[in-house]
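To start, the structure under review is shown below, and the notes come after it.
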Amino acid sequence: MRLYIKYMVSLRCKLIVKEELRKLGLDYTALELGMVEIREDLSAKQHDQLKRNLFRSGLELMDDKKSILIEKIKNLITEMIHYSVKLPTINYSDYISEKLGYDYTYLSNIFSQVKGITIQQFIILHKIEKVKELLLYNELTLTEISYQLHYSSVAHLSNQFKKITGFSPSFYKRLKQKRKSNLEDL
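Counting with the UniProt record's numbering, you get residues 1 to 186 for the letters of the sequence shown.
In structure tokens, the structure reads:
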């Protein structure tokens, strides 16, 4: 039986889920980002107890099929952009559709209805967060970041970055470095 749990990617959250499953005597075969696979079916009492315990810890057991699908899309995008060594070379829509086993138009419509933004906008927001992170590490040039995140050009990345953050990438980098040095001077 698969259960979907809404939680942030962190070791702490994963440990909370493991502990709650242990308390209820539930044996699981897989515990991945947002999903746990339990060996046996849950009774209504176990399900309610797990739901309450997770909620007290700031986590959510998801029952609604649309919400589960939205979480799968969000988790896939987050994993793809923030945790993959290399982004997929195929079109993102094809990648998402292939990974989740649904027509992209269907996924896109549900996502937009529920989240109020398109999957593409969600991807852009995450790519910009990744750009911010890479700028702060100061290990890659803007050209390298642009290439790594599959932007068509540095200008395209810069325009998108400015549209989302209000800053150019270079100004953002200087601003963060200045804040960092101010904190170190304290």
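We put the beta carbon where it would ideally sit given N, CA and C, even for glycine.
- Under the DSSP assignment, residue 16 falls in the alpha helix (DSSP H) whose first and last residues are 11 to 23.
- DSSP places residue 92 in the uninterrupted alpha helix (DSSP H) bounded by 92 to 100.
- Nearest to residue 98 by alpha-carbon distance, out of 77, 40, 159, is 77.
- For residue 28, the enclosing beta strand (DSSP E) begins and ends at 28 to 32.
- By DSSP's assignment, residue 38 forms a beta bridge with 28.
- By the neighbour-count criterion, in which 16 or more other beta carbons inside 10 Å mark a residue as buried, residue 152 falls on the exposed side.
- By the neighbour-count criterion, in which a residue is buried when 16 or more other Cβ atoms sit within 10 angstroms of its Cβ, residue 146 is buried.
- Assignment of residue 146 by DSSP, reduced to helix, strand and coil, places it in the helix class.
- Under the three-state reduction of DSSP, residue 87 is assigned to coil, being neither helix nor strand.
- A straight line joining the alpha-carbon of residue 148 with that of residue 20 spans about 39 Å.
- Of all alpha-carbon atoms in 70, 170, 94, 174, the one lying nearest the alpha-carbon of residue 116 is that of 70.
- A contact between stretches requires three or more CB pairs, one per stretch, nearer than 8 Å, and the stretch 43 to 50 meets this requirement with the stretch 24 to 31.
- In this structure, the straight-line span from the alpha carbon of residue 172 to that of residue 87 is close to 24 Å.
- Take the alpha-carbon of residue 62 and the one of residue 102: they are about 20 Å apart.
- The residue from 137, 122, 84 with its alpha-carbon nearest to that of residue 180 is 137.
- In the three-state reduction of the DSSP assignment, residue 78 falls in the helix class.
- When only Cα atoms are considered, residue 119 and residue 92 end up about 10 Å apart.
- Annotated three-state conformation of residue 159 is helix, per DSSP.
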